[in-house]
Structure formats: C-alpha cells, structure tokens
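K.L.:
Protein chains in written order, with this note's numbering: chain G, -10 to 102; chain D, 28 to 141.
Even glycine gets a Cβ: it sits at the ideal position worked out from N, Cα and C.
Structure follows, in structure tokens:
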C-alpha cells in the first residue's frame, strides 16, 4: 500500500534561520507531489508541485523553494525564514489524472519566532 | 474550476442532528469533485469523491454528497452527526486545464455539540 511520510511534526525556528522539510512517498512510482501551506483558520495555499524528478512549479513567489532529488522525495526549503512563514505545511501526492484525489502527509507545524 | 466556494466558514450543530455543508464551484468543463476531512493537527483525508455515474456518493462513516450539475454544487450531508465528526471539511474540484488542476475551498469547520 502507498504511504506518505512527512517530518518533522513540529518545528520552532528563529527568524533568519534556514528550513528544510522532507516528504517521502512509498509504494508507488512517479507520483505528482505537492507542498501546501495552511495558515491558522484559513484554507490551503498551493506552494509548489512536481510531476517528475527535477521538475518544480512554483505557484506563489516567496522566499521558499522546493526540490525533488529522487522520484519519491520532495523537499521544502528556505535560506532565511520570515515570521510570515509560520503555518501548517502539508505534503501531498497523487497519481496523474485528476480522478485519484490527494493523499496528504500528517503535516508540519512551523512556528517562526 | 475557476473557483470553489464553501458558503459557511463554521457550522455548529447538536449531536444526532442532521447537517449539510455547502459547496459550489464554477467551471466551464467537466470536473471531478471531492470532499476531504481534517482533524486537528492532522493532514487532510479523502472522505468521498464524485467522478461519474450516480450523482449521489457515500462515505463509509455515513456522509453523503450529491453532485448537481445544473446548480454546480456538491453539498455534503449527514443525517445524524457524532461528536467525533467535529473537524474541518474541504471541498475540492479537479478539472483539466492543460493538465489536471485541483482547487480547494476555504473549508468549513463543523463543530458538534453535546
């Protein structure tokens, strides 16, 4: 069966520090991968998505970046965090075709202080 | 879909009462429709989906949703809610736009009171 792992679950980082969040998928190949951010009391904001190794599409210009070094690995990074980067970050995957729905990771609660 | 609107940001309801969470979308093409549930501090879980065929779809925990093409709606219902149904519910629409693109609604927080 397919599973998605996302870590860490919580993170408290000072302003200006770097960030690295990792997401891996097991049990499938060539998944479409996504990073979403959910601010408190708000909906989902798509940050990045990837349809293949090394292919990254950015939906929102910001100080975050994403990389896909392996087929089932998706990394969200920042060189210098801002207070506004605080939020709940969710990784998700789906197979190609819009009829499968998304499978989400358990999320990372990031607090920038 | 150009937009997905969840008309209620919060829905308080008493235990064992019926509930309807509303979702409307705008799109000029055929779509796939989804409802997701998010419990506190967790990721979203797929609750149910409409792809084609019968316009009424059901989940394993008693929720159902009906696709209404003329009204471009996909409302979620449950005839009798439990305390454990307290969560946030997201409607999502997937359409072809040079590749499948999924848009999520802003979410509806369902709060079930004893």
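Contact defined as beta carbons within less than 8 angstroms: I believe residue 20 of chain G pairs with residue 57 of chain G. What is the distance between those atoms, to the nearest angstrom?
P.N.:
The Cβ separation is near 10 angstroms, so there is no contact.
K.L.:
Quick one: any contact between the stretch 57 to 64 of chain D and the stretch 73 to 88 of chain D, if contact means 3 or more CB pairs under 8 angstroms?
P.N.:
yes
K.L.:
Can you list, in chain order, the residues of its chain with a C-beta nearer than 6 angstroms to that of residue 5 of chain G? Leave out the 5 residues immediately preceding and following it.
P.N.:
69
K.L.:
Measuring alpha carbon to alpha carbon, tell me which residue in G:25, G:40, G:39 is nearest residue 97 of chain G.
P.N.:
Sorting G:25, G:40, G:39 by C-alpha distance to the C-alpha of residue 97 of chain G places G:25 at the top.
K.L.:
Strictly below 9 angstroms CB to CB, what residues from chain D border residue 36 of chain G?
P.N.:
Ordered by position in chain D, no residue passes the 9 angstroms Cβ test against residue 36 of chain G, which lies about 13 angstroms from the chain.
K.L.:
Does the stretch 33 to 42 of chain D come within contact of the stretch 86 to 97 of chain D, defined as at least 3 CB pairs closer than 8 angstroms?
P.N.:
No: the two stretches stay apart, fewer than three of their Cβ pairs being nearer than 8 angstroms.
K.L.:
Counting C-beta neighbours from all protein chains within 10 Å, is the total for residue 109 of chain D 16 or more, i.e. buried, or is it exposed?
P.N.:
exposed
K.L.:
Could you tell me if residue 105 of chain D is buried or exposed, where buried requires 16 or more neighbouring beta carbons within 10 angstroms of its beta carbon?
P.N.:
buried
K.L.:
Between the stretch 68 to 82 of chain D and chain G, which residues of the former have CB atoms less than 8 angstroms from a CB of the latter, in chain order?
P.N.:
68, 69, 70, 71, 72, 73, 76, 78
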